[in-house]
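A.B. asks: Line by line, the protein sequences are chains Z and C. If you're matching positions, the first sequence starts at 447 in our numbering and goes up one per residue. If you're matching positions, the second sequence starts at 27 in our numbering and goes up one per residue. Note that CB positions come from ideal geometry on N, CA and C, so glycine has one too.
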Amino acid sequence: MSAKPKIAVYWTGSCGGCDVSFLEVGEAIVEILSRVEVVFWPALVDVKRSDLEAMPPGSIDYALINGVIRTEENREMAEILREKSKYIVAYGACAHLGGVPSLADLWGKEEIFRAVFGEGFRPGPPPGVDGEARLPDLSEKAVPLEEVVRVDYAVPGCPPPAPLISRFFTALFSGEMPDPPYVFANVKALCEECPRERHDDRRIERIVRPHEIVPDPNKCLLEQGLICMGPVTRGGCNALCPVAGMPCTGCLGPTPEAGDPGAAMLSALASLVRFEDEGEEYFAREDEVLERLADPLGTFYMYAFGKFRRRS
Amino acid sequence: MPPRNPERIRAQKPRIGVFVCHCGHNIAGVVDVKRVAEQLSKYPGVVYATDYEYMCSDPGQELLKKAIREHRLNGVVVAACSPSMHEATFRRAAGEVDLNPYLVECANIREHCSWVHDPGEAATQKAITITRTMVEKVKGNMPLEPVEVSHKEKCLVVGGGIAGIQAALDVAEAGYEVILVEKSPTIGGHMAQLSETFPTLDCSQCILTPKMVEVERHPKIRLLVNSEVEEISGFIGNYRVRIRKKPSYVDPDLCNLCGECEKVCPVRVPNEFDRGLSERGAIYIPFPQAVPSTYTLDEETCLGIKPLICGKCAEVCEPGAIDFDMSEEIIEEEVGAVILATGYDLYETKALPEYSPDDPDVIDPLQFERLLSATGPTRGEIRRPSDGKVPKTVVFIKCAGSRDPELHKPYCSAICCMYTAKHALLYKHAVPDGRAIVFYIDIRAPGKGYEEFIHRVMEEDRVLYIRGKVAKVFREGDKLIVWGVDTLSGQRVEVEADLVVLAMAVVPPKGVEDLARTLRLSCLDENGFLKEAHPKLRPLETLAGGIFIAGAAQGPKDIPQAVTQGSGAAAKAIALLSAPTLTHSPEVAEVDEELCSGCRVCAPLCPYGAITVEETAQVNELLCEGCGTCVAACPSGALSLRNLEDSQVESMVEAALAELSPAREAVEVKGG
């Protein structure tokens with residue numbers, strides 16, 4: 447291979463977990479870093495926006511952007527990186543689907559300010575800065591990267607799990623990157639790689655939350671009443687959470703044909719929640735079970751609300 | 027959403043023909059059919075639209091065929107009646123001019139529109155919408171070929187009553203092998219217990235036993251008594267059955283019916299065949315003409331089975347037919363068709379405590395049949411169970427447990443009016459100076475010669491019919507006091523009776539639920555009887571292809587009806603067994619294995635048991651009836667219904683909503 451690929455890593459509305467996630471690959475990080483040229487990565491190297499702006503268009507090979515687009519500044523940086531890069535990679539659930547921060551859009555911008563800072567708050571200049579400077583404004587909505595720039599690849603996850611980070615860099619180094627758009631995760635749902643046993647006559651007769659039970663180590667979590675998003679979620683993480691006894695929360699995003707994960711999961715649940723027989727008495731019991739589903743929106747759209755919210 | 031299988035998107039531009047049927051006044055009297063055709067002629071993709079008086083008529087079909095040829099149609103929508111009526115007609119016609127039948131759809135503007143609306147603009151608008159919706163569906167339809175499969179040429183008949191016997195004989199006579207499974211030690215069913223049959227009064231056993239013998243002798247029939255079907259799996263034409271045959275401990279080939287064994291047997295238990303009115307040994311023969319003709323040992327009551335503490339019967343058995351070591355057999359067979367003729371039971375008299383069911387002289391109708399029968403415990407003399415006296419007053423109470431939706435069974439048991447009349451008549455013939463009193467709600471006698479029979483019983487045999495229900499039956503000394511009411515005169519009635527016969531409701535037999543579960547048939551009606559596929563047009567079929575029903579298993583029936591159904595089910599089975607190959611609609615669910623994660627949400631939902639899951643789900647095309655339950659439930663969009671893909675449904679929804687408010691943007695429908 448000729449020159450090392452030039453990469454940029456940037457965070458927008460992000461918790462920082464994605465930046466740290468690279469360490470998940472273990473010793474391989476040394477190998478990865480030795481085979482790329484990091485031209486821009488605020489968390490790792492001392493480099494400013496002005497340095498980026500000075501780079502010629504298309505001079506970066508891959509820009510990995512993590513975080514939701516929440517502020518004007520986020521949008522500007524995404525646009526600059528788009529211009530400077532051959533390929534944009536949405537790295538992590540926020541950039542890919544909106545992630546947890548996009549759930550903030552259940553409320554308006556003003557309500558968010560009021561809830562966080564109380565009445566009468568106005569963002570002002572940061573301390574010790576002259577009056578002209580101001581914090582970047584929150585945008586009206588917290589949106590996934592693809593709503594502001596064209597995105598070529600996604601490495602999904604919250605944060606991306608090691609196998610998928612490896613999958614991305616392996617493809618990159620082999621020189622056999624798939625044609626964009628492409629998501630570095632499975633097309634099949636998580637259940638494919640989950641070792642838990644699923645029974646032929648499966649049904650859900652109660653719904654519980656993770657703190658309420660110690661799950662059986664071998665049985666499917668859904669069958670035990672935990673709302674596991676596995677059936678609608680892309681695989682690729684080796685069923686990390688279900689293996690550890692926690693239900694999948696859907697961070698790799700819905701499989702391509704599942705479409706809206708909430709609608710898909712609701713259909714599946716409506717089918718699974720049932721008793722040995724039918725009739726009014728049983729239907730009432732099914733309703734009771736479904737009533738126990740706490741926070742359906744947060745459960746079904748924990749990471750994908752930004753992408754799948756419906757315009758009213 | 028990108029199309030699921032891009033290669034399956036039709037390459038040709040749609041050239042769709044729309045044919046709007048008047049159905050005489052059925053549709054044209056409500057819907058402006060001319061305008062429906064005119065509107066559709068302007069719809070994108072439609073190249074020809076017309077209306078015609080009766081599309082299903084020969085000229086109507088010719089019109090369809092001519093248009094397909096002349097306009098090179100590659101899709102057809104017939105706006106007419108329900109597809110369950112004439113879809114097959116129009117698809118066949120299209121096939122005759124080389125248009126793939128699965129590119130033809132019916133838009134139901136009769137049942138779904140003209141029959142349920144008043145004439146006017148709104149009805150016409152709705153008919154246009156329905157037709158457009160189907161045009162959108164046809165645009166996405168793919169040409170398909172029916173699924174073909176070979177089948178086994180053998181038939182399983184479950185139940186050896188008269189319906190099952192008739193079915194088995196008819197199928198065997200047509201040259202196909204039959205396995206007849208009966209859970210008791212003999213075939214014959216309830217009919218073998220009856221004395222004489224209404225309305226002709228021929229002896230039940232005399233007309234039944236020749237058929238029983240024929241079953242035993244028939245080279246094509248394999249008779250398995252003491253046997254129950256444990257599992258049936260598979261699909262139409264190819265069912266695998268597992269039969270558990272309990273040991274009879276007597277070799278039927280060696281048993282010479284000498285009866286010495288029963289004489290020495292120390293056990294005495296109530297005889298089921300006589301409904302407890304007599305006793306039998308642990309080794310016994312149900313009745314002299316039992317088929318197979320052999321004694322049988324009841325392991326539940328025998329002392330000698332385990333541990334071996336008796337063994338007296340084996341000592342006296344000269345031919346050495348008794349074998350205590352005989353073991354249970356599991357028989358596995360593959361059959362093409364199954365006929366369920368599982369018969370009926372009587373509702374327990376215990377359910378009616380107001381009629382003193384524990385009193386020995388309050389009996390059920392089959393007990394009375396045994397009292398009337400020449401082979402019964404009293405050799406046909408009518409003697410009451412308590413003291414053996416000839417009863418001088420017998421009260422018959424009809425609708426005991428039937429037609430009582432609040433407390434018991436809501437339905438009419440259908441046969442009680444007739445057998446009660448027969449009982450009263452036979453009693454009067456046997457005890458001419460006796461009194462027979464029948465309490466009834468209504469008299470239902472719709473069969474051939476039935477009404478005349480009732481009149482004969484009332485007028486010639488002077489049986490007293492009292493229209494009213496009985497409130498209470500209780501014992502006072504030697505008599506049973508019956509409190510009832512005569513609703514015609516408004517009088518309370520009190521009768522001192524010697525014997526009371528309760529015409530108990532006919533109920534499904536025990537175990538039929540398990541059988542239904544084994545078959546994965548959602549095939550029990552609200553009263554627990556086996557449910558037919560269609561109450562009028564498919565009375566002998568279940569929703570599972572190749573599984574038929576006959577006789578009282580489907581609901582109370584008299585002998586002629588049970589025999590008719592046995593023959594009918596046999597004809598259905600023969601039609602299936604004699605087909606060179608079986609075909610099945612290709613409009614079924616399919617799995618995209620590239621997308622399926624094997625999460626198993628679908629499998630337990632399938633009412634037909636068509637889905638199995640290994641690495642990925644697999645749909646058995648022959649079992650699938652295309653209901654779409656799995657498709658709706660599939661969380662990862664791996665399942666789809668052929669010719670009803672999500673993309674088609676989306677276009678159909680858009681077409682349906684566009685009509686209602688053309689300005690509104692089409693609603694986004696995705697996934698799920």
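Is the shortest distance between the beta-carbon of Arg-642(Z) and the beta-carbons of chain C less than 7 Å?
C.D. replies: Position 196 of the first sequence, counted from the start, is the residue given in the question as residue 642(Z). Judged by the 7 Å Cβ criterion, Arg-642(Z) is not in contact with chain C.
A.B. asks: Does the beta carbon of Val-678(Z) sit closer than 7 Å to a beta carbon anywhere in chain C?
C.D. replies: Here residue 678(Z) refers to the residue found at position 232 when the first sequence is read from its first residue. Taking Cβ atoms only, chain C reaches closer than 7 Å to Val-678(Z), which makes this a yes.
A.B. asks: Pull up the distance between the alpha-carbon of Pro-612(C) and that of Cys-653(C), whole angstroms please.
C.D. replies: Residue 612(C) sits at position 586 when you count from the first residue of the second sequence. Residue 653(C) sits at position 627 when you count from the first residue of the second sequence. Looking at the two C-alpha atoms, the distance is approximately 12 Å.
A.B. asks: Kindly give me the distance between the Cβ atoms of Ser-158(C) and Ala-681(C), rounded to whole angstroms, as I take these residues to be in contact under 8 Å.
C.D. replies: Translated into the one-based positions of the second sequence, residue 158(C) becomes position 132. Translated into the one-based positions of the second sequence, residue 681(C) becomes position 655. Per the sequence presented here, residue 158(C) reads as Arg, with Ser not at that position. Indeed, because the Cβ distance is near 5 Å, the residues count as touching under 8 Å.
A.B. asks: Look at Val-197(C) and Ala-601(C) and say whether their C-beta atoms are less than 7 Å apart.
C.D. replies: Numbered from 1 along the second sequence, position 171 holds the residue referred to as residue 197(C). Numbered from 1 along the second sequence, position 575 holds the residue referred to as residue 601(C). No; because the gap between Cβ atoms is not below 7 Å, this pair is not in contact.
A.B. asks: Could you list which residues in chain C have their beta carbon closer than 7 Å to that of Cys-461(Z), in chain order?
C.D. replies: Here residue 461(Z) refers to the residue found at position 15 of the first sequence. What Cys-461(Z) touches in chain C: nothing, since even the nearest Cβ is about 28 Å away.
A.B. asks: Quick check on His-657(Z): buried or exposed, where buried means 16 or more other Cβ atoms within 10 Å of its Cβ?
C.D. replies: The count along the first sequence starts at 1 and reaches residue 657(Z) at position 211. The residue in question, His-657(Z), is exposed, as its Cβ has fewer than 16 Cβ neighbours within 10 Å.
A.B. asks: Cutting at 6 Å between CB atoms, please list the residues of its own chain near Ile-205(C), excluding the five before and the five after it.
C.D. replies: Numbered from 1 along the second sequence, position 179 holds the residue referred to as residue 205(C). The answer, listed in chain order, is Leu-182, Arg-248 and Glu-359.
A.B. asks: Which residue wins for smallest C-alpha separation from Met-523(Z), given the options Val-595(Z), Leu-739(Z), Leu-469(Z) and Leu-549(Z)?
C.D. replies: Within the first sequence, the letter at position 77 stands for residue 523(Z). If we check each option's Cα against that of Met-523(Z), Val-595(Z) comes out closest.
A.B. asks: In the DSSP assignment, what residue or residues form a beta bridge with Gln-711(C)?
C.D. replies: An answer regarding residue 711(C) cannot be provided, because it is not within the stretch 27 to 698 covered by chain C.
A.B. asks: Out of Thr-235(C), Leu-66(C) and Ala-106(C), which has the shortest C-alpha to C-alpha gap to Gly-51(C)?
C.D. replies: For the purposes of this step, residue 51(C) is taken as residue 25 along the second sequence, with counting starting at 1. Sequence inspection shows His at residue 51(C); the Gly mentioned does not correspond to that position. Distance from the Cα of His-51(C) is smallest, within the candidate group Thr-235(C), Leu-66(C) and Ala-106(C), for Ala-106(C).
A.B. asks: Can you give me the C-alpha to C-alpha distance between Val-535(Z) and Gln-674(C), rounded to a whole angstrom?
C.D. replies: Translated into positions along the first sequence, residue 535(Z) becomes position 89. Translated into positions along the second sequence, residue 674(C) becomes position 648. Between the alpha carbons of Val-535(Z) and Gln-674(C) lies a distance of about 34 Å.
A.B. asks: Can a CB atom of chain Z be found closer than 7 Å to the CB of Arg-626(C)?
C.D. replies: Locating residue 626(C) in the second sequence gives position 600, where the first residue counts as 1. True, the Cβ-Cβ gap to chain Z drops below 7 Å.
A.B. asks: In three-state terms, what does DSSP make of Cys-281(C)?
C.D. replies: Translated into positions along the second sequence, residue 281(C) becomes position 255. Coil at Cys-281(C), not helix or strand.
A.B. asks: Is it true that the CB of Tyr-265(C) sits closer than 7 Å to the CB of Val-364(C)?
C.D. replies: As a first step, residue 364(C) is located in the second sequence; it is residue number 338 there, counting from the start. As a first step, residue 265(C) is located in the second sequence; it is residue number 239 there, counting from the start. Yes, they are a contact pair.
A.B. asks: Distance check for Arg-649(Z) and Val-719(Z), CA to CA, integer angstroms please.
C.D. replies: Locating residue 719(Z) in the first sequence gives position 273, where the first residue counts as 1. Locating residue 649(Z) in the first sequence gives position 203, where the first residue counts as 1. Taking the straight line joining both Cα atoms gives about 6 Å.
A.B. asks: Exposed or buried, Pro-627(Z), counting other C-beta atoms within 10 Å across all chains shown (16 or more means buried)?
C.D. replies: For the purposes of this step, residue 627(Z) is identified with residue 181 of the first sequence, where counting begins at 1. Classification for Pro-627(Z): exposed.
A.B. asks: Here's the rule: buried if 16 or more other CB atoms are within 10 angstroms of the residue's CB, otherwise exposed. What is Lys-706(C)?
C.D. replies: With chain C represented from 27 up to 698, any question about residue 706(C) goes unanswered, as that position is not in the structure.
A.B. asks: Would Ser-736(C) count as contacting chain Z if we go by Cβ distances under 7 Å?
C.D. replies: Nothing in the structure corresponds to residue 736(C), since chain C is present only between 27 and 698.
A.B. asks: Just to confirm, is the Cβ distance from Asn-512(Z) to Cys-461(Z) under 7 Å?
C.D. replies: Here residue 512(Z) is taken as the residue at index 66 of the first sequence, counted from 1. Here residue 461(Z) is taken as the residue at index 15 of the first sequence, counted from 1. No.
A.B. asks: Beta strand (DSSP E) containing Lys-60(C): first to last residue?
C.D. replies: By one-based count along the second sequence, residue 60(C) stands at place 34. DSSP places Lys-60(C) outside any beta strand (DSSP E); the residue lies instead in the alpha helix (DSSP H), whose first and last residues are 59 to 67.
A.B. asks: Using a Cβ cut-off of 7 Å (strictly closer), state whether Thr-701(Z) contacts chain C.
C.D. replies: Position 255 of the first sequence, counting from 1, holds the residue named residue 701(Z). True, the Cβ-Cβ gap to chain C drops below 7 Å.
A.B. asks: Is Lys-634(Z) close to chain C, meaning its C-beta is less than 7 Å from at least one C-beta of that chain?
C.D. replies: If you number the first sequence from 1, residue 634(Z) lands on position 188. With 7 Å as the cut-off, Lys-634(Z) counts as an interface residue toward chain C.
A.B. asks: In whole angstroms, give me the CA-to-CA distance for Ala-367(C) and Val-645(C).
C.D. replies: The residue you call residue 367(C) lines up with position 341 of the second sequence. The residue you call residue 645(C) lines up with position 619 of the second sequence. Whole-angstrom Cα-Cα distance: 30 Å.
A.B. asks: Suppose you measure from the CA of Gly-427(C) to the CA of His-434(C); what does that come to, to the nearest Å?
C.D. replies: Stepping through the second sequence from its first residue, residue 427(C) is reached at position 401. Stepping through the second sequence from its first residue, residue 434(C) is reached at position 408. If you take the alpha carbons of Gly-427(C) and His-434(C), they lie about 5 Å apart.
A.B. asks: Could you check the C-alpha separation between Ser-662(C) and Glu-638(Z) for me, to the nearest Å?
C.D. replies: One-based indexing of the second sequence puts residue 662(C) at position 636. One-based indexing of the first sequence puts residue 638(Z) at position 192. Distance between the alpha carbons of Ser-662(C) and Glu-638(Z) is about 11 Å.
A.B. asks: Can you tell me the Cα-Cα spacing of Pro-393(Z) and Gly-682(Z), whole angstroms?
C.D. replies: The shown model of chain Z, from 447 to 758, leaves out residue 393(Z), and the question about it has no answer.
A.B. asks: Once DSSP output is grouped into helix, strand and coil, what is the label at Trp-141(C)?
C.D. replies: For the purposes of this step, residue 141(C) is taken as the residue at position 115 of the second sequence. Shown here, Trp-141(C) sits in a helix according to DSSP, grouped into three states.
A.B. asks: Run the CB neighbour count on Trp-457(Z), radius 10 Å, all protein chains shown included, and call it buried at 16 or more, exposed below.
C.D. replies: Here residue 457(Z) is taken as the residue at index 11 of the first sequence, counted from 1. Around the beta-carbon of Trp-457(Z), 16 or more other beta-carbon atoms lie within 10 Å, marking it buried.
A.B. asks: Apply the 10 Å Cβ neighbour rule to Ala-194(C) and answer buried if 16 or more other Cβ atoms are within range, or exposed otherwise.
C.D. replies: Position 168 of the second sequence, counted from the start, is the residue given in the question as residue 194(C). Buried, because 16 or more other Cβ atoms sit within 10 Å of the Cβ of Ala-194(C).
A.B. asks: Output yes if chain C places a C-beta closer than 7 Å to the C-beta of Ala-704(Z); else output no.
C.D. replies: As a working note, residue 704(Z) is residue 258 in the first sequence. Residue contact with chain C for Ala-704(Z): present (Cβ-Cβ distance below 7 Å to some residue of chain C).
A.B. asks: Please list the partners that Ser-677(C) has in chain Z, where partner means a Cβ-to-Cβ separation under 7 Å.
C.D. replies: For the purposes of this step, residue 677(C) is taken as residue 651 along the second sequence, with counting starting at 1. Near Ser-677(C) there are no residues of chain Z at all, since even the closest Cβ is about 16 Å away, more than 7 Å.
A.B. asks: For Phe-486(Z), write down the residues that DSSP places opposite it in a beta bridge.
C.D. replies: By 1-based counting over the first sequence, the position of residue 486(Z) is 40. Answer by DSSP bridge pairing, in chain order: Ala-454(Z).
A.B. asks: So which residues of chain C does Arg-649(Z) contact, with C-beta pairs closer than 8 Å?
C.D. replies: Stepping through the first sequence from its first residue, residue 649(Z) is reached at position 203. Those within 8 Å of Arg-649(Z) in chain C are Pro-630.
A.B. asks: Quick check: the Cα distance between Ser-110(C) and Leu-649(C), rounded to an integer number of angstroms?
C.D. replies: For this step, residue 110(C) is matched to residue 84 along the second sequence. For this step, residue 649(C) is matched to residue 623 along the second sequence. Whole-angstrom Cα-Cα distance: 19 Å.
A.B. asks: Pull the bridge partners of Leu-249(C) from the DSSP assignment, please.
C.D. replies: Sequence index remark: in the second sequence, residue 249(C) carries index 223 (1-based). In DSSP, Leu-249(C) forms a bridge with Leu-206(C).
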